[in-house]
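Accompanying notes for the structure given below.
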Amino acid sequence: MATTRDQSVAHASKVPPVTLAFWIIKILATTLGETGGDAVSMTLRLGYAVGTLIFLTFFLVTLTAQVRATRYHPAFYWAVVVATTTVGTTTSDYIDRTLGLGYVTSSIILLGLVVAVLVAWRRVTGSIAVDRISTRKNELFYWVTILISNTLGTALGDFVATSAGLGFERGALVFAGLIALVALAHLFTRAPPSMLFWAAYVLTRPLGATLGDMLTKPFDEGGLNVGRIAASLALAGVMVVLIAVGGRLASRRATTS
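Using this note's numbering, read the sequence shown as starting at 352 and increasing by one per residue.
Encoded structure:
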């Protein structure tokens, strides 16, 4: 029998609508995850393992606040997204570089994990929700998928930019082009919306990773040599402004409707 709390949570979605603004903020969040993760592990010289522990703690704290909320709370939601991108950055770097697994092997393993979670999600709940998360089971599957997909995206971004030799700028263009193809598929085909959503979600992470590296890497490595901490603060500031503006516009629409 459902508890009173379960019933109260079930009536309201706890995720934002999937709009153009959603994807813009998501790309900013993934870029922030790259610069922020590198700032802790490299600039502050704490290393990938310590950085992962720090951001994993941040993820658990923000996830707890998000799960306990009974409605969509922009600050909680986007804090968890940022947490998944930062912990994904340091975790991927630890697996690829410290453990020496390599970008290709880790990408294959992480992609398999994403697929496995999505299959389990569908079997347990009967569907894969992306635009309306209103039950505890769906919410947990949603965040586990995001955490793994952001870790996968970090490895993919590094592989294309470095191992494949495309560099950060061309790597960003590759992933932007792939996202555009997903958008076209959404507009002109009957592909399952949930499949397209997760394809775009995975691809925004390597796009953010390559953009973050393009901002912060030295000139001789193809970057713009912006400080990681400064870049992270600037990205966070833009995110806060966009989320605040979006919240006000949503409130006005609700008041006038």
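Positions of the beta carbon are idealized from the N, C-alpha and C atoms, including for glycine.
A quick note: this is a predicted structure, and the numbers were derived from the prediction, not measured.
How long is the line joining the alpha carbons of residue i and residue j, rounded to whole angstroms?
i    : j    : result
V495 : D444 : 19 Å
A512 : G518 : 4 Å
V577 : Q417 : 32 Å
A363 : R487 : 12 Å
T567 : A587 : 15 Å
G319 : R604 : No answer is possible for residue 319: the residues shown for the chain start at 352 and end at 608.
D357 : G574 : Any answer about D357 is weak, because its pLDDT of 40 lies below 50 and its placement is not dependable; what the coordinates show is given next. C-alpha separation (whole angstroms): 48 Å.
T449 : G504 : 18 Å
Y454 : T607 : 51 Å
L395 : I580 : 10 Å
V596 : A372 : 11 Å
T403 : P543 : 34 Å
F548 : V481 : 7 Å
N501 : I594 : 21 Å
A550 : V533 : 7 Å
K377 : V466 : 21 Å
T355 : W374 : Reliability fails at T355, whose pLDDT of 43 lies under 50, so the model's placement of it is uncertain and no value is given.
A353 : T476 : Any reading at A353 is ruled out, since the residue's pLDDT is 39, under 50, leaving its predicted position unreliable.
I479 : T381 : 23 Å
L397 : G388 : 10 Å
A585 : D564 : 15 Å
L535 : Y552 : 15 Å
S457 : A426 : 31 Å
G313 : E490 : Limits of the chain in this structure are 352 at one end and 608 at the other, which puts residue 313 out of reach.
I405 : Y423 : 26 Å
T421 : Y493 : 16 Å
A471 : L461 : 15 Å
P368 : R483 : 8 Å
R521 : L379 : 18 Å
DSSP three-state label for residue i, please.
i    : result
V577 : coil
R483 : coil
K365 : coil
L395 : coil
P543 : coil
Y423 : coil
P569 : coil
S359 : For S359, the predicted model reports a pLDDT of 42, less than 50, meaning its position is unreliable; a value from the coordinates is still stated below. Correct three-state label for S359: helix.
Contact check, residue i vs residue j under 8 Å by CB: the rounded distance?
i    : j    : result
S583 : T441 : 14 Å between Cβ atoms; not a contact.
L407 : V438 : 5 Å
T561 : A523 : 4 Å
L498 : T413 : That belief does not hold up - the Cβ atoms of L498 and T413 are roughly 12 Å apart, past 8 Å.
M590 : W429 : 7 Å
L529 : L554 : 5 Å
G451 : G559 : So it is not a contact: roughly 25 Å between Cβ atoms.
D447 : D509 : 7 Å
V432 : F410 : 10 Å between Cβ atoms; not a contact.
K365 : S514 : Between S514 and K365 the Cβ distance is about 38 Å, and since that is not below 8 Å, they are no contact.
F526 : P557 : 5 Å
If you follow the alpha helix (DSSP H) that residue i is in, where does it begin and where does it stop?
i    : result
D389 : 371-389
(request) Just list the alpha helix (DSSP H) runs in the segment 442-528, keeping only unbroken ones of 4 residues or longer that don't cross its boundaries, in chain order. (result) 454-476, 487-509
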